[in-house]
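Enquirer: Numbered as in the UniProt record's numbering, the sequence shown ends at 702 without a single skipped number.
Glycine included, every Cβ here is placed at the ideal spot set by N, Cα and C.
Everything numeric in this text was worked out from a predicted model, so none of it was measured.
Before I ask anything, let me first share the structure, which is written out below as structure tokens.
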Amino acid sequence: MLPFFATCPKGLESLLTDELHNLGATELQETVAGVAFKGELATAYRACMWSRLASRIMLQLADFTMRDDMDLYLGAANIEWERHIQEGQTFAVDFSGGNNAITNTQYGALKIKDAIVDRLSKRRGERPSVDKRAPDIRILAHLKRNQLSITLDLSGPALHQRGYRQQAGEAPLKENLAAAILLRSGWDKGSPLVDPMCGSGTLLIEAALMAADQAPGLLRPRFGFMAWSGHDAGLWQSVKAEATVRATRGLKQAEPVLFGFDQDQRVLAFARDNAEAAGVAHLVQFREGTVGSLENPGGQAGWLISNPPYGERLSDFPSLLGLHQLLGEKLRAEFKGWQVSLISSSPELLSCLRLRHEKSYRLFNGALACELRNYRIAEDARAARPVAEDFANRLAKNVKALEKWARSEQIDCYRLYDADLPEYNAAIDRYRDHLVIQEYAAPKTIPEHKARARFFDLVQTAMAVTGVPGDKVVLKVRARQKGKEQYEKLDRREQWMEVQEHDACLLVNLYDYLDTGLFLDHRPIRKRLGELARGKDVLNLFAYTGTATVHAGLGGARSTTTVDMSRTYLAWAERNMQLNGLRGREHQFIQADCLSWLTKSGGDYDLIFVDPPTFSNSKRMEDSFDVQRDHIELLHLLSKRLRPGGLLIFSNNKRNFKMDMDALVELGLNATNISKDTLPRDFARNPQIHNCWEVRWSRPHE
């Protein structure tokens, strides 16, 4: 009886224990990501051949207390390496873990390597060679606290590498995890099995191997024990012969009741090639198809098991929400009476199925924690009730009220919803056939998981009410932006969209930045500028993407000057102008710190528009700019550029902003609050979205 250790992905330990027991192992002891056991050499060979769950099978050579590097060296040197490594063979040492004495795994591996080399050199008179890439013998050492375990790898390449995978799609399941999913699902090998998003076919091929009683290791050309001095070739041949006979019989008797669907022809070709290499192509039918076209492939009820995509980026979620919502509808409509098992790293996505699961298991896909949920689709399953009915009704009402108005105004972009209901705390903007959904931070009294679930419900419902598919929904999280943060990229798609706003055509980018390039609440202000600009010299300060300049130019401005500190946004502004045929020397673009530019530049203007940030870093004014604190100084600087009879439109988005009227009087200026007049219809519920002022000379300009 020899001591062995089998490793596996976390979450599979109990399954692996049962499997090893059935293969003849005794004295089984589970630990995290592995199982220790005892058995004859034949037991280890059967485990290498038949284990569908293990990652490696290892022979335990030593287990001792290690307090310092000398303990490590002496303990390793005490192992009879001459019994395991033949003359002329290469070896390598992999070391994991650590304690206070060994904090560097490379150093730990080096000490064991030195011990092996010194012992074999002393006994044989020749120094063995190390080959880290393709050694004949691989030694594995693991240190936990002060206990060191040294093992010899009998597997060679990890056991999940069955030998049939020719090619794979994106993020394929490891074969042993696929096998675990099948076992946890309770799949009956004689029942139909459907994978509606099969990718390169791993789940179905593993199921076919199970149904055909084919050992997962039968196709592997090499195992680590084959170069080991203790290898018994005759014993191994008997294990392999038994597996060959069982597979030959099983492949003939198995019924073809496995169905795989995927919308990607390329990965379906991978799946067919993989199934052919595994010898089970006749047992699996692969068909091109989307979840939307999914149908029950025939007669009796069975199992639907899948690994649907679960993207980790926020931008992936709208499409995934729509996919899971559609899958839930298909399951209720087409798969009544079926068992369903789905694995995901996102419980929220699984909740979008609107199904109650019977069991769940915690598994790991690599380092990614996942949940496998088992469902039974009732025979009388009906369509799920709408999610977030109150929100759905409010959004539908808003859509009906605003769509006709937007068309009549020639507006492609407008706000549909702005936290109308406190429990659904987000803003939803339409950009032609796209939605931009911006999540606001939930109150601290709301648990994070509850706020996240509500947001997912909101996104699902918004897609259902508007009919906008997930690939045209953009999710963003609003947060206060300081200094240069407002200019930093979120993504790098460079996807541009031309949108109409009254007479102007403007460029927006829905993905790459927190803002899209168009402040929707300023739409009436921009229109007002266009109506006032004819024959005037216009200055647009803190210009962002120059949309106000475009309206002024289209309104017949004699000249425009556009100033912003961001080179990126200034180039965007120039593109907006060119898109509307506004070119020439009369249209100037200046990249500069706006406040510094005001103190150094010359030039007077008939019409000035300024929309400063609420807060920003600046080289002037105590190293920062605060619109409440510094607005008078800003207006003072601007007044020096305002011609007699000229108009300055001052806007900002600070809630509860208060204009210092007394200070304005001292400057000879008079301000009129036009905030209500510049509040667009789609922002009627949020009168504090911005405040806007017309500023003029109250006395003759000196």
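Around the C-beta of residue 138, are 16 or more other C-beta atoms found within 10 angstroms, so that it is buried, or is it exposed?
Expert: Classification for residue 138: buried.
Enquirer: DSSP three-state call for residue 580: helix, strand or coil?
Expert: If DSSP states are grouped into helix, strand and coil, residue 580 belongs with coil.
Enquirer: Pull up the distance between the alpha-carbon of residue 694 and that of residue 498, whole angstroms please.
Expert: Distance between the alpha carbons of residue 694 and residue 498 is about 30 Å.
Enquirer: CA-CA distance, residue 85 and residue 157?
Expert: Approximately 18 Å, taken between the alpha carbons.
Enquirer: Give the DSSP-derived three-state secondary structure of residue 688 in the structure shown.
Expert: Three-state result, residue 688: coil.
Enquirer: Hey, out of 527, 99, 648, whose CA is closest to residue 411's CA?
Expert: The shortest C-alpha separation from residue 411 is found at 527.
Enquirer: Per DSSP, residue 36 forms a beta bridge with which residues?
Expert: According to DSSP, which records beta bridges pairwise, residue 36 is partnered with 5, 29.
Enquirer: Among 306, 35, 167, whose alpha-carbon lies nearest the alpha-carbon of residue 4?
Expert: If we check each option's Cα against that of residue 4, 35 comes out closest.
Enquirer: State the Cα-Cα distance for the pair residue 91 and residue 170, rounded to the nearest angstrom.
Expert: One C-alpha to the other measures close to 34 Å.
Enquirer: Compare the C-beta of residue 525 against all C-beta atoms of chain D and say whether one is closer than 9 Å.
Expert: Looking at the structure shown, chain D is missing, and only one protein chain is on hand.
Enquirer: Would you mind working out which of 148, 395, 59, 396 sits nearest residue 67, comparing C-alpha positions?
Expert: The shortest C-alpha separation from residue 67 is found at 148.
Enquirer: Leaving out the 5 sequence neighbours to the left and right, which residues in its chain are closer than 7 Å to residue 370 when beta-carbon positions are compared?
Expert: Closer than 7 Å at Cβ, skipping near neighbours: 343, 344, 345, 363, 364.
Enquirer: Comparing C-alpha positions only, which one of 70, 280, 318 sits nearest to residue 256?
Expert: Of the candidates 70, 280, 318, the one whose C-alpha sits nearest the C-alpha of residue 256 is 280.
Enquirer: Which same chain residues, not among the five before or five after residue 456, have their C-beta less than 6 Å away from its C-beta?
Expert: Once the five neighbours on either side are set aside, the close Cβ partners of residue 456 are 348.
Enquirer: Between 216, 16, 41, 523, which has its C-alpha nearest residue 31's C-alpha?
Expert: The option with the nearest alpha carbon to residue 31 is 16.
Enquirer: State the Cα-Cα distance for the pair residue 272 and residue 214, rounded to the nearest angstrom.
Expert: Taking the straight line from one Cα to the other gives about 18 Å.
Enquirer: When the Cα of residue 576 is compared with those of 583, 507, 532, which residue comes out closest?
Expert: Residue 507 is the option with its Cα nearest to residue 576.
Enquirer: Please report the straight-line C-alpha distance between residue 83 and residue 61, rounded to a whole angstrom.
Expert: Approximately 11 Å, taken between the alpha carbons.
Enquirer: Helix, strand or coil for residue 210, going by three-state DSSP, please let me know.
Expert: Three-state result, residue 210: helix.
Enquirer: Considering only their Cβ atoms, is the gap separating residue 632 from residue 598 smaller than 9 Å?
Expert: No, these two residues do not count as a Cβ contact at 9 Å.
Enquirer: Please return the same chain residues whose Cβ sits closer than 8 Å to the Cβ of residue 29, not counting the five positions on each side in sequence.
Expert: Cβ within range, chain order: 35, 36, 37.
Enquirer: In the DSSP assignment, find the beta strand (DSSP E) that holds residue 365 and state where it starts and stops.
Expert: Segment 359 to 365, the beta strand (DSSP E) holding residue 365.
Enquirer: Does the distance from the CB of residue 436 to the CB of residue 446 come in under 9 Å?
Expert: Contact: no.
Enquirer: What number of angstroms, rounded off, separates the C-alpha of residue 567 from the C-alpha of residue 591?
Expert: Approximately 6 Å, taken between the alpha carbons.
Enquirer: If the criterion is Cβ atoms closer than 9 Å, does the pair residue 172 and residue 199 meet it?
Expert: Taking 9 Å as the Cβ cut-off, residue 172 and residue 199 qualify as a contacting pair.
Enquirer: Which residue wins for smallest C-alpha separation from residue 640, given the options 660, 669, 586?
Expert: Ranking the options by Cα distance to residue 640, first place goes to 669.
Enquirer: Does the distance from the C-beta atom of residue 228 to that of residue 152 stay below 9 Å?
Expert: Yes; because the gap between Cβ atoms is below 9 Å, this pair is in contact.
Enquirer: Taking the alpha-carbon positions, what's the residue 268 to residue 329 distance?
Expert: Spanning the two alpha carbons is a distance of roughly 24 Å.
Enquirer: Check whether the Cβ atoms of residue 380 and residue 304 lie closer than 9 Å to each other.
Expert: No, the Cβ-Cβ distance between residue 380 and residue 304 is not below 9 Å.
Enquirer: Mind listing, in chain order, the continuous alpha helix (DSSP H) runs of no fewer than 4 residues lying wholly within the segment 262 to 348?
Expert: For the segment 262 to 348, whole alpha helix (DSSP H) runs of length 4 or above, ordered along the chain, are 265 to 278, 317 to 334.
Enquirer: Closest to residue 249 by CA distance: which of 226, 211, 284 is it?
Expert: Among 226, 211, 284, the Cα nearest to that of residue 249 is on 211.
Enquirer: I need the straight-line Cα distance from residue 368 to residue 464, nearest angstrom please.
Expert: Looking at the two C-alpha atoms, the distance is approximately 30 Å.
Enquirer: So, at 7 Å on beta carbons, what are the nonlocal neighbours of residue 536 in its own chain, with the 5 sequence-adjacent residues on each side left out?
Expert: Taken in chain order, the residues that qualify are 557, 558, 606, 607.
Enquirer: Hey, quick one: how far does the alpha helix (DSSP H) through residue 17 stretch, first residue to last?
Expert: Its alpha helix (DSSP H) spans residues 13 to 22.
Enquirer: With H, G and I counted as helix, E and B as strand and the rest as coil, what does DSSP make of residue 107?
Expert: Note: residue 107 maps to helix in three-state DSSP.
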